[in-house]
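See structure below.
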Amino acid sequence: IVRRGAMSHAKAARNEGGEEEVSKATEYRKAVKQSWRRLVLWSRVRGHTNESENTLEENVSEVCVFGGGSFGTAIATILARNYPQATVRMLVRNTEQRDSINEAHVNPRYLSEYALPPNVTATLDAQEAVGGAQYIVHAIPVQSSSAFLSEVKAHIPKSVTVISVSKGLEVGSGMTMHEVLQAALGLDQPLVALSGPSFAKEVMEGLPTNLMAASEDENHAKAVQHMFANPNLRVNTTKDVVGVEICGALKNVVAIAAGIVDGLGLGNNALSALVAQGAAEIKWLATRLGAEASTITSVAGIGDIMLTSFVNLSRNRTVGVRLGKGEKLEDILGSTTQVSAGKKKDLMTYKVHATFQLAQRGFPFGS
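Numbering-wise, our numbering puts 366 at position 366 of the sequence shown, and it's gapless, one number per residue.
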């Protein structure tokens with residue numbers, strides 16, 4: 001699609017002529033850039049937005065992001081770049097993060113090599129973070145979410161849309177993040193799950209990315225789509241919350257297994273077979289839990305599975321590779337800075353255990 005569009009643009013540029021001849025290479029690069037822009041934004045191209053989208057841009061003035069981790073930081077950066085007139089407040093855990101973000105515009109713990117937009121601020125106060133926010137982005141790890149939400153839910157208005165970017169299943173209950181949010185905030189809280197293949201580092205660098213916004217209310221999903229979309233980020237929409245969240249959670253288990261295959265040196269044939277079988281089993285379980293089969297083959301399904309299983313930036317895959325090479329789990333978890341010391345012990349166990357709990361809900365074992 002990009003190449004076909006590029007050739008069309010290039011031909012038009014040549015026909016127009018001009019006082020100065022533009023080199024074919026430069027002309028082609030410009031055409032590719034234009035075509036990519038159209039592909040990512042589909043019908044929504046900056047400068048040609050419709051009235052409702054212009055209204056959205058004008059009205060977005062305050063957004064809250066729960067969490068100061070890698071992806072929370074990346075999401076805050078996307079929104080701050082999209083809406084330079086808005087204030088994007090991050091609710092973080094310690095004074096060092098807060099002060100560094102507010103004064104030096106850098107998150108000292110995560111993605112510290114990137115400067116944050118000046119309209120990204122941080123606070124330790126939940127009431128201050130939520131106050132006036134039109135949207136809330138939940139980027140707290142799943143295993144910490146129930147406790148966190150119990151502390152802040154009193155500050156969250158029932159009319160504000162909560163956008164979850166956390167992936168996983170809660171140990172003990174086997175609940176997805178959507179279910180955790182419903183249990184904490186009530187069934188009437190507007191919720192959207194935003195998922196897909198997206199390493200925080202590449203999002204920060206503005207590299208092309210495709211996500212999917214899932215909500216039982218199509219209007220909420222579309223609002224999130226328009227809010228996040230930009231020339232480097234395309235957002236699809238769906239009503240299949242179950243499919244999107246199950247794929248986002250279970251791909252972690254497949255990625256660990258894929259890493260183990262690589263660590264053992266079993267080759268690319270075995271790796272591809274394992275990931276394909278893993279994707280098939282995710283589809284089998286997800287559809288029995290009410291998901292649409294098309295979601296599993298979408299960017300939020302197979303797209304996320306492929307990224308996490310095949311790319312070395314994946315933390316889950318890295319854990320698997322090191323296990324396959326003979327390292328002890330305790331040593332691997334002790335060397336990561338992405339998870340707090342108290343939670344490292346359960347990093348891998350919870351993924352498998354919670355998946356088993358979910359499978360029991362979809363197809364009780366022994367029945």
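Glycine residues also receive a C-beta, built at the ideal position from the N, C-alpha and C atoms.
Open item on the list: Can you tell me whether Glu-113 is helix, strand or coil according to DSSP?
Closed with: As a working mapping, residue 113 is identified with position 113 in the sequence shown. Looking at Glu-113 - three-state DSSP - the assignment turns out to be coil, as it is neither helix nor strand.
Task: Touch test, the segment 152 to 166 against the segment 190 to 204, Cβ-Cβ under 8 Å, three pairs minimum - done: The answer is yes - the segment 190 to 204 touches the segment 152 to 166, with three or more Cβ pairs under 8 Å.
- [ ] Quick one: grab the DSSP three-state call for Ala-133.
- [x] Here residue 133 refers to the residue found at position 133 of the sequence shown. In the structure shown, Ala-133 sits in coil (DSSP, three-state: anything other than H, G, I, E or B).
Task: Neighbour-count burial assignment, Ala-229, 16 or more Cβ in a 10 Å radius - done: Here residue 229 refers to the residue found at position 229 when the sequence shown is read from its first residue. Ala-229 comes out buried.
- [ ] Compare the Cα-Cα distances from Lys-167 to each of Val-60, Asn-94, Phe-71, Glu-205 and report the closest residue.
- [x] On the sequence shown, residue 167 is found 167 positions in, with the first residue counted as 1. The residue with the shortest Cα to Cα distance from Lys-167 is Phe-71.
- [ ] Output the boundary residues of the beta strand (DSSP E) element that contains Ala-193.
- [x] By 1-based counting over the sequence shown, the position of residue 193 is 193. Its beta strand (DSSP E) spans residues 191 to 195.
Open item on the list: Whole angstroms are fine: how far does the CA of Thr-308 sit from the CA of Glu-128?
Closed with: Counting from one through the sequence shown, the residue named residue 128 turns up at place 128. Counting from one through the sequence shown, the residue named residue 308 turns up at place 308. Cα to Cα, the separation comes out at about 35 Å.
Open item on the list: If you measure between the beta carbons of Val-241 and Glu-216, is that distance less than 8 Å?
Closed with: Here residue 241 is taken as the residue at index 241 of the sequence shown, counted from 1. Here residue 216 is taken as the residue at index 216 of the sequence shown, counted from 1. Going by C-beta atoms, Val-241 is nearer than 8 Å to Glu-216.
Open item on the list: What would DSSP say about Val-171, mapped onto helix, strand or coil?
Closed with: Against the sequence shown, residue 171 aligns to sequence position 171. Coil, per DSSP.
Open item on the list: Less than 8 Å between the beta carbons of Ile-260 and Ile-282, yes or no?
Closed with: Residue 260 sits at position 260 when you count from the first residue of the sequence shown. Residue 282 sits at position 282 when you count from the first residue of the sequence shown. No, Cβ-Cβ distance for Ile-260 and Ile-282 is not below 8 Å.
- [ ] Can you tell me which of the three DSSP states Ala-258 falls into?
- [x] Reading the sequence shown from its first residue, position 258 is the one you call residue 258. Note: Ala-258 maps to helix in three-state DSSP.
Open item on the list: In whole angstroms, give me the CA-to-CA distance for Asn-252 and Glu-27.
Closed with: By one-based count along the sequence shown, residue 252 stands at place 252. By one-based count along the sequence shown, residue 27 stands at place 27. Computed Cα separation, rounded: 42 Å.
- [ ] Answer yes or no: do Ile-136 and Cys-64 have a C-beta to C-beta separation smaller than 8 Å?
- [x] Numbered from 1 along the sequence shown, position 136 holds the residue referred to as residue 136. Numbered from 1 along the sequence shown, position 64 holds the residue referred to as residue 64. Yes.
Task: For Ser-146, the three-state DSSP class (helix, strand or coil) - done: Here residue 146 refers to the residue found at position 146 when the sequence shown is read from its first residue. Reduced to three states, the DSSP call for Ser-146 is helix.
Task: CA-to-CA distance, Arg-234 to Gln-97, given in whole angstroms - done: Position 97 of the sequence shown, counting from 1, holds the residue named residue 97. Position 234 of the sequence shown, counting from 1, holds the residue named residue 234. Between Gln-97 and Arg-234, the C-alpha separation is close to 30 Å.
Task: Alpha-carbon spacing of Asn-82 relative to Gly-263, whole angstroms - done: Reading the sequence shown from its first residue, position 82 is the one you call residue 82. Reading the sequence shown from its first residue, position 263 is the one you call residue 263. The straight-line gap from Cα to Cα measures roughly 41 Å.
TODO: Look up Met-90 in the DSSP assignment and give the residues it is bridged to.
DONE: Counting from 1 along the sequence shown, the entry for residue 90 is found at position 90. According to DSSP, Met-90 bridges with Val-65, Ala-122.
Open item on the list: On the DSSP letters alone, give me the boundaries of the beta strand (DSSP E) that Val-165 sits inside.
Closed with: The residue given as residue 165 occupies position 165 in the sequence shown. Unbroken run through Val-165: none, as it is neither H nor E.
Open item on the list: Considering only the alpha carbon of each residue, which of Gln-277, Ala-249, Pro-231, Gln-225 lies closest to Lys-239?
Closed with: By one-based count along the sequence shown, residue 239 stands at place 239. The residue with the shortest Cα to Cα distance from Lys-239 is Gln-225.
Task: Classification of Glu-103 by the beta-carbon crowding that lies within 10 angstroms, buried from 16 upward - done: As a position in the sequence shown, residue 103 is number 103, starting the count at 1. Glu-103 is exposed by the Cβ-count criterion.
- [ ] With distances taken Cα to Cα, identify the nearest neighbour of Val-181 among Lys-153, Pro-197, Pro-208, Val-171.
- [x] Against the sequence shown, residue 181 aligns to sequence position 181. Residue identity check: residue 181 is Leu in the sequence provided, not Val. Checked all of Lys-153, Pro-197, Pro-208, Val-171; the closest Cα to Leu-181 is Lys-153.
Task: Counted within 10 angstroms of its Cβ, other Cβ atoms place Asn-268 as buried (16 or more) or exposed - done: Numbered from 1 along the sequence shown, position 268 holds the residue referred to as residue 268. That one is exposed.
- [ ] Could you tell me which residues DSSP pairs with Ala-213 in its beta bridges?
- [x] Position 213 of the sequence shown holds residue 213. The partner list for Ala-213 (beta bridge, DSSP) reads Leu-194, Thr-237.
Task: DSSP beta-bridge partners of Ser-138 - done: If you number the sequence shown from 1, residue 138 lands on position 138. Checking the displayed sequence, the identity of residue 138 turns out to be His instead of Ser. DSSP lists Phe-66, Ser-164 as partners of His-138.
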